[in-house]
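**Student:** Residues 1 to 275 in the UniProt record's numbering are what the sequence shown spells out, letter by letter.
From the three backbone atoms N, C-alpha and C, an ideal C-beta is built for every residue, glycine too.
My questions all concern the structure below.
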Amino acid sequence: MTLDQLPPLRDTLAEHGLLAKKSFGQHFLLDLNITRKIARLAQVGEGDHVIEVGPGPGGLTRALLETGARVTAVEADPRFAPLLEELSAASGGALTLRLEDALTTDEAAVAAGAPAHIVSNLPYNVGTPLLIKWLTGAFTPASMTLMFQKEVADRIAAAPGTEAYGRLSVLAQATSHAQVVMDVPARAFTPPPKVASAVARLTPREDRPEPVRLTALQQVTAAAFGQRRKMLRSSLKALGGEALCLAAGLSPEARAETIDVPGFLALADAYRIRS
1 MTLDQLPPLR DTLAEHGLLA KKSFGQHFLL DLNITRKIAR LAQVGEGDHV IEVGPGPGGL
61 TRALLETGAR VTAVEADPRF APLLEELSAA SGGALTLRLE DALTTDEAAV AAGAPAHIVS
121 NLPYNVGTPL LIKWLTGAFT PASMTLMFQK EVADRIAAAP GTEAYGRLSV LAQATSHAQV
181 VMDVPARAFT PPPKVASAVA RLTPREDRPE PVRLTALQQV TAAAFGQRRK MLRSSLKALG
241 GEALCLAAGL SPEARAETID VPGFLALADA YRIRS
């Protein structure tokens with residue numbers, strides 16, 4: 001059996017008696033028109049290596065395999081192993097399955113030193129922790145094309161001074177070129193979630209902060225946005241307060257939500273020097 005001979009996913013799910021689990025934050029994306037569009041937005045193709053987290057029954061996986069990409073699927077729910085193994089056979093071995101928790105996956109080992117793209121309809125309950133792991137960890141994806149709850153996707157690309165702007169915005173934009181590239185209505189999923197979804201695409205910046213600078217950035221953003229309604233002199237008190245702000249060329253009376261990414265990088269540099 002080849003990819004184009006596979007039965008519709010709804011039939012496969014019914015045959016195996018599988019339903020989405022709330023505990024895993026699962027919402028299946030079965031519409032091939034949508035999954036194929038996501039694969040196009042990911043800009044992957046023949047010979048590219050894609051890491052997909054939370055493939056579930058393999059809706060997006062099928063679309064990625066159709067591009068000619070090699071896919072490593074990381075799935076925590078063993079119920080989907082038989083479906084994904086069937087998909088691997090139909091793809092001629094282009095799909096490799098890893099039954100494990102993506103939060104502990106060593107993506108660098110999976111990529112084996114070669115570029116790898118991450119393309120996923122992320123489980124809602126671990127989407128943000130996974131993104132922070134990929135933004136700040138030792139492994140830098142060649143690109144990330146990820147579906148989140150729409151409010152999370154909006155936070156990734158938010159501008160300073162907007163309600164959605166926060167720590168995730170700074171970490172994403174300091175390390176990547178980030179944009180929301182597609183909205184996905186709740187009705188596209190089985191079962192439909194209570195919120196809308198969106199796809200964000202992130203590609204690494206050439207001036208991505210080095211690890212020690214990135215560590216400092218995580219510390220200052222955690223403190224600043226942990227008390228985002230307070231002035232920086234108060235929210236950053238434990239890290240240097242007013243003196244730290246002045247060293248970074250920022251007003252101690254400013255609030256975190258008004259500071260742009262270069263401003264936070266200046267705070268991170270000042271903190272590194274002081275600590």
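Taking one C-beta from the region 228-242 and one from the region 181-189 each time, how about it: are there three or more such pairs within less than 8 Å?
**Tutor:** no
**Student:** Below 7 Å CB to CB, which residues in the same chain sit around residue 270 once its five sequence neighbours on both sides are set aside?
**Tutor:** 244, 247, 248
**Student:** When you compare each of 274, 240, 239, 223 to residue 257 by their alpha carbons, which one comes out closest?
**Tutor:** 223
**Student:** Relative to the alpha-carbon of residue 178, which residue among 204, 43, 225, 55 has its alpha-carbon at the smallest distance?
**Tutor:** 204
**Student:** Just reading off the alpha helix (DSSP H) that residue 261 is part of, what are its end residues?
**Tutor:** 261-274
**Student:** Buried or exposed: where does residue 85 fall if 16 or more other Cβ atoms within 10 Å of its Cβ makes it buried?
**Tutor:** Residue 85 comes out exposed.
**Student:** How long is the line joining the alpha carbons of residue 92 and residue 175, rounded to whole angstroms?
**Tutor:** 36 Å
**Student:** What does DSSP give as the partner residues of residue 117 in its beta bridges?
**Tutor:** In the DSSP output, where bridge partners are listed per residue, residue 117 has 50, 143.
**Student:** Are the beta-carbon atoms belonging to residue 146 and residue 200 less than 8 Å from one another?
**Tutor:** yes
**Student:** Tell me which residues share the same chain as residue 164 and place their Cβ nearer than 6 Å to its Cβ, disregarding the 5 neighbours each side in the sequence.
**Tutor:** 154, 155, 158
**Student:** What whole-angstrom Cβ distance do residue 128 and residue 168 have, given they're in contact under 8 Å?
**Tutor:** 7 Å
**Student:** For the alpha helix (DSSP H) that contains residue 40, what are its first and last residues?
**Tutor:** 32-42
**Student:** Once the 5 residues before and after residue 72 are set aside, which same chain residues still bring their CB inside 6 Å of it?
**Tutor:** If you ignore the 5 residues before and after residue 72, its C-beta comes within less than 6 Å of the C-beta of 51, 96, 110, all in its own chain and listed in chain order.
**Student:** In this structure, what does DSSP give as the bridge partners for residue 190?
**Tutor:** According to the DSSP secondary-structure assignment, residue 190 is paired through a beta bridge with 28.
**Student:** What whole-angstrom Cβ distance do residue 180 and residue 122 have, given they're in contact under 8 Å?
**Tutor:** Contact flag wrong, Cβ pair sits at about 14 Å.
**Student:** Excluding the 5 residues flanking residue 80 on each side, which residues of the same chain have their C-beta closer than 8 Å to its C-beta?
**Tutor:** 18, 55, 56, 57, 58
**Student:** Run through DSSP, which three-state label would residue 100 get?
**Tutor:** coil
**Student:** Pick out whichever of 148, 259, 251 has its Cα sitting closest to the Cα of residue 27.
**Tutor:** 148
**Student:** How long is the line joining the alpha carbons of residue 47 and residue 131, rounded to whole angstroms?
**Tutor:** 24 Å
**Student:** Grab me the residues of residue 161's own chain with a C-beta within less than 7 Å of its C-beta, minus the 5 sequence neighbours each way, in chain order.
**Tutor:** 257, 258
**Student:** Measure the alpha-carbon distance for residue 98 versus residue 273 and round it to whole angstroms.
**Tutor:** 42 Å
**Student:** Just tell me which of 126, 120, 152, 104 has its CA closest to the CA of residue 138.
**Tutor:** 104
**Student:** Could you name each continuous alpha helix (DSSP H) segment of 4 residues or more that falls completely within the region 212-249, going from the start of the chain to the end?
**Tutor:** 232-235, 241-247
**Student:** Residue 141 and residue 49 look like a contact to me (Cβ under 8 Å); what is the Cβ gap, rounded to whole Å?
**Tutor:** So it is not a contact: roughly 10 Å between Cβ atoms.
**Student:** Quick one: measure Cβ to Cβ for residue 198 and residue 133, integer angstroms, because I've assumed they're closer than 8 Å.
**Tutor:** Residue 133 and residue 198 do not touch by the CB rule: their CB atoms are close to 20 Å apart, not below 8 Å.
**Student:** Could you give the first and the last residue of the continuous beta strand (DSSP E) run that contains residue 73?
**Tutor:** 70-75
**Student:** Would you identify the three-state DSSP class for residue 208, choosing helix, strand or coil?
**Tutor:** coil
**Student:** Check each candidate in 37, 15, 5, 3 and name the one with the smallest Cα separation from residue 182.
**Tutor:** Here the closest residue by C-alpha is 37.
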